[in-house]
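A.B. asks:
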Amino acid sequence: MELAPSDKVESCVYNIYDVKTILFRSVTDGENLITMSADALEKLATWNKTDNAQFCTCNGPSRNISCTPGAIATCVRDDESPVVKQKGCRVRKSRSFLPISLMPNTTPPVLVGPQQQIWNMTKATDYCEKYLRDSTSFDACAKQVPATDPGNAIDTCVLDIMATQTTMWATSARESMKSVCLKELKQNTTYQEEDSDDQPSIARQIKEITCPNECDGHGQCDNGTCVCSTYFGAADCSVDIRKPPHIYGVNLDTNNTCDLNVCQTAIVEGETFIDTSSLTCHNTLYQIHSNGTETNFLQWTSHAQFNTLVEVFCPTPYALSHQDKNRFAYRWSVGVSNDGQHFGNVSDLIVYDGICQNVVQNGTLSVEMEVNFCFIDGVCIPEGNTHPSDLCHVCQAADPRLRFQWSRNPGYCLINGECIVDGQAKSDDNCSSCDVSISLDQWISLTGHVDCDGRQSNTSIFGLKNETCKLYKYKSNPFGR
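Taking this note's numbering, the leading residue of the sequence shown gets 33, the next gets one more, and so forth.
Right, here's the structure in full:
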């Protein structure tokens, strides 16, 4: 794609062998937008693409030029695999900023290496013609679909070799020509016509032998699909699945965290994940305790769900639940292998309970409690809530020392294992009651009442036995005093 003023373009016929122009047209430090100083960058005039320039392309072998203000061409592809949509809605948060280092505006030293092979025009042409025509699909397109212009692909291959002095771009020229060929076969219905029942159409013949990147030499092309050899994968069999994929991070949109109330999977981002049956997550789960120490809790492997070349999903384990009473939070370490065995770097995420916990970052990720909550036996308890089966114990979150254990409820006595509300009398002796102002674990005898005072000497002023106390405890003084 070339950029040219709209009123200056007359022809797109060019000499592809004018290599010197390409090799010596370099950008100086003063023109380099990366190394340019901030002051110089601010002084640059804004480019108005609609007023001064248009995007121009050459159409077909006739090399007629077409210029339009549009900068983007929309490609319709039918052979792409759908991307698995994530369950639920992910809210994207701002990621942490990494320190920025500035490139100095200096010219790097020239490194002198070993003498490279010098490609001349003859050697480059011979190489490209042999390399491209060794491809059965390229040769079939060149012979049966003239519109693909194989000569242009060879010219491009030669130009790339002369410009780079390497053959690394030869594959690009071959695959580009094959792509044009397949497009022509799809759009031109003439190639889709069947000559006879036993003679497939030209389109079908070529598609059956056309595979991406010629299966990279690590597989066989079967009806347009690469069947990869052992240890190789990807659509073109170009990836050695024994080589571990590199991981950038886990749950990056939530800053490497996972709220166990809503988190259903670990979203692993990296590079070169291959959609194979052996794509595997390698997991290690550590319990984080309230004092900051960790315990290696669980190790397991699970099948990874392939989403894209750079993203896979690892399911959360059943162990991530409120049933684990011995943890404050978890550190979940995740690695991925394409072959089920070899995994490289791992990445951690913090699993926490979002009801009462927050994850803060001070160089490293740490978990902190919300102010008005206790965390007892793996469960978030709001301030003032009592034990579900024991009213004598309550959450007292105001005291940091008591936030991880049940505290005695100040409004109750606990006598002989029985929880009794303040002021309640003993069931078989109304002269004894719970008085939290005096004791939380003993019955307190009532005083100041004639009946109870008389009972203490085993006889009341009426000469009655102890049981009289029960009858007169809450009656008025019979003498009216």
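All residues carry an ideal CB built from backbone N, CA and C; glycine is no exception. Please read these numbers as outputs of a predicted model, since none were measured by experiment.
On the DSSP bridge assignment, give the partners of Glu326 in chain order.
C.D. replies: Answer is Ile320.
A.B. asks: Compute the distance between the beta-carbons of Ile273 and Gln176, then report whether it is under 8 Å.
C.D. replies: Taking 8 Å as the Cβ cut-off, Ile273 and Gln176 do not qualify as a contacting pair.
A.B. asks: Looking at the strands, I want to know which residues DSSP matches up with Arg363.
C.D. replies: Its beta-bridge partners are Tyr318 and Ile382.
A.B. asks: I'd like to check one pair, Gln224 with Arg233: are the Cβ atoms closer than 8 Å?
C.D. replies: Checking the sequence, you will find Ser at residue 233 rather than Arg. Yes.
A.B. asks: I'd like to confirm the pairing. Which residues does DSSP put opposite Lys458 in its beta bridges?
C.D. replies: According to DSSP, Lys458 bridges with Asp461.
A.B. asks: I need the straight-line Cα distance from Ala266 to Asn377, nearest angstrom please.
C.D. replies: Approximately 21 Å between the Cα atoms of the pair.
A.B. asks: Could you tell me which residues DSSP pairs with Cys412 in its beta bridges?
C.D. replies: In DSSP, Cys412 forms a bridge with Phe407.
A.B. asks: Cys161: which of Ala77, Ala172, Ala185 and Ala179 sits nearest, CA to CA?
C.D. replies: For clarity, residue 161 is Glu in the given sequence; the question names Cys instead. Glu161 has its Cα closest to that of Ala185, out of Ala77, Ala172, Ala185 and Ala179.
A.B. asks: Within the same chain, show all residues whose beta-carbon is closer than 6 Å to that of Trp201, passing over the 5 residues directly before and after it, in chain order.
C.D. replies: Here the set comprises Asp192.
A.B. asks: Could you tell me if Ile150 is buried or exposed, where buried requires 16 or more neighbouring beta carbons within 10 angstroms of its beta carbon?
C.D. replies: Looking at its Cβ environment, which holds fewer than 16 other Cβ atoms inside 10 Å, Ile150 is exposed.
A.B. asks: DSSP three-state label for Ile387, please.
C.D. replies: Reduced to three states, the DSSP call for Ile387 is coil.
A.B. asks: Note the first and the last residue of the continuous alpha helix (DSSP H) segment covering Tyr263.
C.D. replies: It is not in any alpha helix (DSSP H) - Tyr263 carries neither H nor E in the DSSP assignment.
A.B. asks: To the nearest whole angstrom, what separates the beta carbons of Ala298 and Asn287, a pair I think is in contact under 8 Å?
C.D. replies: Actually they do not touch by this definition, with Cβ atoms about 14 Å apart.
A.B. asks: Just tell me which of Gly183, Thr198 and Asp230 has its CA closest to the CA of Lys210.
C.D. replies: Per the Cα distances, Gly183.
A.B. asks: Roughly how many whole angstroms lie between the Cα atoms of His278 and Lys155?
C.D. replies: If you take the alpha carbons of His278 and Lys155, they lie about 38 Å apart.
A.B. asks: Using the Cα positions of Asn339 and Phe345, report the straight-line distance between them to the nearest angstrom.
C.D. replies: The straight-line gap from Cα to Cα measures roughly 7 Å.
A.B. asks: Taking Leu20 as part of the beta strand (DSSP E), name the residues at either end of that continuous run.
C.D. replies: The chain is shown only over 33 to 513; residue 20 falls outside these bounds and no answer can be derived.
A.B. asks: Starting from Gly251, trace the beta strand (DSSP E) in both directions and tell me its first and last residue.
C.D. replies: Counting along the chain, the beta strand (DSSP E) containing Gly251 begins and ends at Gly251 to Asp254.
A.B. asks: With distances taken Cα to Cα, identify the nearest neighbour of Cys463 among Asn394, Trp475 and Pro178.
C.D. replies: Taking only the C-alpha atoms, the option nearest Cys463 is Trp475.
A.B. asks: Tell me the rounded alpha-carbon separation between Ser439 and Gln319.
C.D. replies: Roughly 24 Å between the two C-alpha positions.
A.B. asks: If you pair each beta-carbon of the segment 359-370 with each one of the segment 315-332, do three or more pairs fall below 8 Å?
C.D. replies: Cβ pair count under 8 Å is three or more, so yes.
A.B. asks: Under DSSP, the alpha helix (DSSP H) around Cys189 begins and ends at which residues?
C.D. replies: First-last of the alpha helix (DSSP H) with Cys189: Pro182 to Thr196.
A.B. asks: Would you kindly work out how many angstroms separate the C-alpha atoms of Arg363 and Tyr280, rounded to a whole number?
C.D. replies: Those two C-alpha atoms are separated by around 17 Å.
A.B. asks: Determine the burial state of Met153: buried for a count of at least 16 other Cβ atoms within 10 Å of its Cβ, exposed for fewer.
C.D. replies: Met153 is exposed by the Cβ-count criterion.
A.B. asks: Could you compute how far the alpha carbon of Leu311 sits from the alpha carbon of His250?
C.D. replies: Approximately 19 Å between the Cα atoms of the pair.
A.B. asks: Given this structure, state the Cα-to-Cα distance separating Ser204 from Glu226, to the nearest angstrom.
C.D. replies: In a straight line, the C-alpha of Ser204 is about 32 Å away from that of Glu226.
A.B. asks: For Thr297, report the span of its beta strand (DSSP E) as first-last.
C.D. replies: Unbroken beta strand (DSSP E) run through Thr297: Thr297 to Glu303.
A.B. asks: Residues in its own chain within less than 6 Å of Asp248 by CB, not counting five upstream and five downstream?
C.D. replies: Asp268, Cys269 and Ser270, listed in sequence order.
A.B. asks: Taking a contact to mean a Cβ-Cβ separation below 8 Å, would you say Ile408 touches Gln373 in this structure?
C.D. replies: Their beta carbons are not under 8 Å apart, which means Ile408 does not touch Gln373 by this criterion.
A.B. asks: Considering Val399, what are the terminal residues of the beta strand (DSSP E) in which it resides?
C.D. replies: Per DSSP, Val399 belongs to the beta strand (DSSP E) from Thr396 to Met401.
A.B. asks: Using DSSP's beta-bridge definition, name the partner residues of Ser233.
C.D. replies: BP columns for Ser233 are empty, so no partner.
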